[in-house]
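S.K.: The structure's right below; bear with me while I get my questions together.
Number of protein chains: 2
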Amino acid sequence: MEISEYFPIWNRLTEAERTMLTEHSFIKQIPAGTVIRDGHSDCMGLLLLRSGQLRAYIASEEGREITLYRLLERDICLFSASCMFRSLQFDLSVAAEKDSEVWVIPLDVYQSLTESSVAVANYTNELMGSRFSEVMWLIEQIMWKSLDKRLAAFLLEESGLENSTVLKCTHEQIASHLGTAREVVTRLLRYFRSEGLVRLSRGSIEIVDEKGIMRLAE
Amino acid sequence: MEISEYFPIWNRLTEAERTMLTEHSFIKQIPAGTVIRDGHSDCMGLLLLRSGQLRAYIASEEGREITLYRLLERDICLFSASCMFRSLQFDLSVAAEKDSEVWVIPLDVYQSLTESSVAVANYTNELMGSRFSEVMWLIEQIMWKSLDKRLAAFLLEESGLENSTVLKCTHEQIASHLGTAREVVTRLLRYFRSEGLVRLSRGSIEIVDEKGIMRLAE
Numbered sequence: 109m110e111i112s113e114y115f116p117i118w119n120r121l122t123e124a125e126r127t128m129l130t131e132h133s134f135i136k137q138i139p140a141g142t143v144i145r146d147g148h149s150d151c152m153g154l155l156l157l158r159s160g161q162l163r164a165y166i167a168s169e170e171g172r173e174i175t176l177y178r179l180l181e182r183d184i185c186l187f188s189a190s191c192m193f194r195s196l197q198f199d200l201s202v203a204a205e206k207d208s209e210v211w212v213i214p215l216d217v218y219q220s221l222t223e224s225s226v227a228v229a230n231y232t233n234e235l236m237g238s239r240f241s242e243v244m245w246l247i248e249q250i251m252w253k254s255l256d257k258r259l260a261a262f263l264l265e266e267s268g269l270e271n272s273t274v275l276k277c278t279h280e281q282i283a284s285h286l287g288t289a290r291e292v293v294t295r296l297l298r299y300f301r302s303e304g305l306v307r308l309s310r311g312s313i314e315i316v317d318e319k320g321i322m323r324l325a326e
Numbered sequence: 109m110e111i112s113e114y115f116p117i118w119n120r121l122t123e124a125e126r127t128m129l130t131e132h133s134f135i136k137q138i139p140a141g142t143v144i145r146d147g148h149s150d151c152m153g154l155l156l157l158r159s160g161q162l163r164a165y166i167a168s169e170e171g172r173e174i175t176l177y178r179l180l181e182r183d184i185c186l187f188s189a190s191c192m193f194r195s196l197q198f199d200l201s202v203a204a205e206k207d208s209e210v211w212v213i214p215l216d217v218y219q220s221l222t223e224s225s226v227a228v229a230n231y232t233n234e235l236m237g238s239r240f241s242e243v244m245w246l247i248e249q250i251m252w253k254s255l256d257k258r259l260a261a262f263l264l265e266e267s268g269l270e271n272s273t274v275l276k277c278t279h280e281q282i283a284s285h286l287g288t289a290r291e292v293v294t295r296l297l298r299y300f301r302s303e304g305l306v307r308l309s310r311g312s313i314e315i316v317d318e319k320g321i322m323r324l325a326e
C-alpha cells in the first residue's frame, strides 16, 4: 500500500505536495518493545501506522507510568513530531506494544507542508484535538471513576485489542497502564476472581463473566 | 486599545483579514461569576482577554469540579470556539473569576480566517498545544504529587494572582480547584496551621510562612 492510501487528506494536497510526500516518506519496522520516543527526545517526524500497536504514556521520576492512549492501524502519531510545536511543553513517551510497521514522514517534510498548506495545518489541528480529547477522557476517569471500574474497562479494552478472553499481561503491566501500584492491581483482580468475573493464572487473566465486567465498568 | 494590539499574529495577516477582524470583533463585559461556557454549549467564538480572569474546569455528574487552567490578561480562550474542531470531544466549562473584559471574534469570522490563512491555522495549533500542555501538567500533578503539595502550590498561585498573602476563598472553592472534597482541604489546612504555615479565619486564609509553603510545594 502506498502512502497515498494512508495520508488522510491526500485529496486536498497539491500535485507538488503529493510528490514531496511520496519521495521523502519511507517505511520503518518497529519491533515490539521498542521505545520510539523517550520523554522529549527523538523527534523523527509524523508516523502513520500501517500495522501494529503503539502506546503513548507518561512516566514519573520514580518510574511509575500511566497510559494516555493507544494508536492502532491507520492512526497517526503526532508526538513523534512534537518539536514542531513550541507550545507543546511536556514529556510523553511512545513505545511499540506489538511489532509495528509505520510510514515515516520526516520532520522537515511535514513542517514544510504545514507551513505551505492550510489544509495540512488544519488537519494537524484536528489530530491534536483528538489526542487532547483522549487525555481529557483519561483525566475524567482518574478524577471521577474508582479504580475497580477503570480496571474493568481496561480488561475489556485489552480483550477487544487481542480478540481473546485470555489476556497475557502481568499485574505490573496493568499497573503501568492505569498509573497505580502492582499491589493494588493484584488486590482488585483477586476481588474480581472472588466475584467470579475472572480466572487468574501465572502471567494471564481469563475473563469468565464478560457481562459482569461490563456492568462494573459502566 | 484596538484588537490589533491584542491579536497575537496581527502582522502576519493580510489587509483584508485585518479589516474583517476589526469590523466584526466587539468588546464584551463579563461580570465575575458568569459561566461563559457550560460543558459543551455556547460556542460564541474566540475570546481575547483584555482584563480580568477566567477559569477553565471540568465537572463530574455529581457536581465535583477541578480547575484545568486559568486565563489572564492577553490570554486567548480557544474553547469558546471549540465547535470549530470536530475532534475536540469533551465537555469543558469556563467561568469568569473576576470582572472581565474580552474581545469577541465571532465564530464564523475566526473559522473563515483559519480556512484561508495558514498563519492563523498554525497559530491555532500553537494555542491548542498550550492548553494541552497545561492539562498534561495537571495530569502529572494528580498522578504523581500528593495533595498537600498541590494545595501548597495552589495557595502560592492564588497569592500571586491576588498579590496578597491573605486569600479570600472558602475551603469549598479550593476543593473545586483541586478536584477533591471540602473535608480533605479543611484537614490539610489544619495541618498547615499546626505547622505554622498559615493562619485560618472565617472565609480567609493567611499565608504566614511563604518559604515553608514553597518548600512543601516543591
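These protein sequences, in sequence, are chains A and B. According to our numbering, the first sequence is numbered sequentially starting from 109. According to our numbering, the second sequence is numbered sequentially starting from 109. Just so it is clear, CB atoms sit at the ideal spot from N, CA and C, and this is done for glycine as well.
Per DSSP, which one or two residues make a beta bridge with Arg145 (chain A)?
M.R.: Answer is A:Val202, bridged to Arg145 (chain A).
S.K.: Less than 8 Å between the beta carbons of Ser201 (chain B) and Arg145 (chain B), yes or no?
M.R.: Cβ atoms of Ser201 (chain B) and Arg145 (chain B): closer than 8 Å.
S.K.: Can Leu215 (chain B) and Gly153 (chain B) be called in contact, C-beta distance under 8 Å?
M.R.: In contact: Leu215 (chain B) and Gly153 (chain B) (Cβ atoms closer than 8 Å).
S.K.: Using DSSP with H/G/I as helix, E/B as strand and the rest coil, what is Ala229 (chain B)?
M.R.: Helix, per DSSP.
S.K.: Leaving out five residues on either side along the sequence, give the residues of the same chain with a beta carbon under 8 Å from the beta carbon of Leu255 (chain B).
M.R.: Around Leu255 (chain B): Leu286, Thr288, Val292, Leu296.
S.K.: For Val192 (chain B), count neighbouring Cβ atoms within 10 angstroms of its own Cβ and tell me buried if that reaches 16, exposed if not.
M.R.: The sequence shown places Met at residue 192 (chain B), not Val. Looking at its Cβ environment, which holds 16 or more other Cβ atoms inside 10 Å, Met192 (chain B) is buried.
S.K.: Under a Cβ-count criterion, where at least 16 other Cβ atoms within 10 Å of its own Cβ denotes burial, should Ser302 (chain A) be classed as buried or exposed?
M.R.: When all chains shown are included, Ser302 (chain A) counts as exposed.
S.K.: Is Ala164 (chain A) close to chain B? Criterion is C-beta to C-beta, closer than 8 Å.
M.R.: No - not a single Cβ of chain B is within 8 Å of the one on Ala164 (chain A).
S.K.: Check whether the segment 268-285 of chain B and the segment 304-323 of chain B are in contact - that is, three or more C-beta pairs closer than 8 Å.
M.R.: Yes, they touch.
S.K.: Name the two residues that bound the continuous beta strand (DSSP E) containing Gln219 (chain A).
M.R.: Unbroken run through Gln219 (chain A) is the alpha helix (DSSP H), 215-224; no beta strand (DSSP E).
S.K.: Give the straight-line distance between the Cα atoms of Ile166 (chain B) and Asn230 (chain A), rounded to the nearest whole angstrom.
M.R.: The straight-line gap from Cα to Cα measures roughly 26 Å.
S.K.: How would you call Ser159 (chain A), buried or exposed, if buried means at least 16 neighbouring beta carbons within 10 angstroms?
M.R.: The residue is exposed, with fewer than 16 neighbouring Cβ atoms inside 10 Å.
S.K.: Counting only C-beta atoms, is Ala229 (chain B) closer than 8 Å to chain A at any point?
M.R.: Yes, its Cβ sits closer than 8 Å to a Cβ of chain A.
S.K.: From Val210 (chain A) to Ala164 (chain B), what does the alpha carbon distance come to, in whole angstroms?
M.R.: Approximately 37 Å between the Cα atoms of the pair.
S.K.: Listed in chain order, which residues of the segment 242-254 of chain B have Cβ atoms closer than 8 Å to some Cβ of chain A?
M.R.: From the segment 242-254 of chain B, only Val243, Met244, Trp245, Leu246, Ile247, Glu248, Ile250, Met251, Trp252 have a Cβ closer than 8 Å to chain A.
S.K.: Can you give the beta carbon distance from Leu305 (chain B) to Ile321 (chain B), rounded, assuming they're within the 8 Å contact cut?
M.R.: About 5 Å; that satisfies the 8 Å criterion.
S.K.: In angstroms with no decimal places, state the Cα-to-Cα distance between Thr130 (chain A) and Ser112 (chain A).
M.R.: Cα to Cα, the separation comes out at about 8 Å.
S.K.: Can you tell me the Cα-Cα spacing of Gly141 (chain B) and Val243 (chain B), whole angstroms?
M.R.: Gly141 (chain B) and Val243 (chain B): Cα-Cα distance of roughly 23 Å.
S.K.: Am I right that Ser188 (chain A) and Leu155 (chain A) are in contact with their C-beta atoms under 8 Å? What's the rounded C-beta distance?
M.R.: The pair is a contact, with the Cβ atoms about 5 Å apart (cut-off 8 Å).
S.K.: Who pairs with Val212 (chain B) in a beta bridge, going by DSSP?
M.R.: Answer is B:Phe134, B:Leu155.
S.K.: Please give me, in chain order, every unbroken run of the alpha helix (DSSP H) with length at least 4 that falls completely inside the segment 229-273 of chain A.
M.R.: Segments of the alpha helix (DSSP H) lying fully in the segment 229-273 of chain A: 255-270.
S.K.: Name the one or two DSSP bridge partners that Ser168 (chain A) has.
M.R.: Answer by DSSP bridge pairing: none, since Ser168 (chain A) is not bridged.
S.K.: So if I threshold CB-CB distances at 9 Å, which residues from the segment 171-187 of chain A count as touching chain B?
M.R.: Those residues of the segment 171-187 of chain A that come within reach of chain B (Cβ to Cβ, closer than 9 Å) are Arg172, Ile174, Leu176.
S.K.: Since Glu270 (chain B) and Arg194 (chain A) are thought to touch, with beta carbons under 8 Å apart, how far apart are those beta carbons, to the nearest angstrom?
M.R.: Their Cβ separation, rounded to whole angstroms, is 30 Å, which puts Glu270 (chain B) and Arg194 (chain A) out of contact at 8 Å.
S.K.: Under a three-way DSSP split, which group does Glu123 (chain A) fall into?
M.R.: In this structure, Glu123 (chain A) counts as helix in the three-state DSSP scheme.
S.K.: Kindly indicate which three-state DSSP category Gln161 (chain A) falls into: helix, strand or coil?
M.R.: The answer is strand: DSSP assigns Gln161 (chain A) an E or B state.
S.K.: Buried or exposed, going by whether 16 or more other CB atoms sit within 10 Å of the CB of Met109 (chain A)?
M.R.: Its Cβ having fewer than 16 others within 10 Å, Met109 (chain A) is exposed.
S.K.: Determine the chain A residues that contact Arg194 (chain B) at a beta-carbon separation under 8 Å, and present them in chain order.
M.R.: Those within 8 Å of Arg194 (chain B) in chain A are Glu234, Gly237.
S.K.: Using 8 Å as the limit for Cβ to Cβ distance, is Val293 (chain A) near chain B?
M.R.: Cβ-Cβ to chain B under 8 Å: no for Val293 (chain A).
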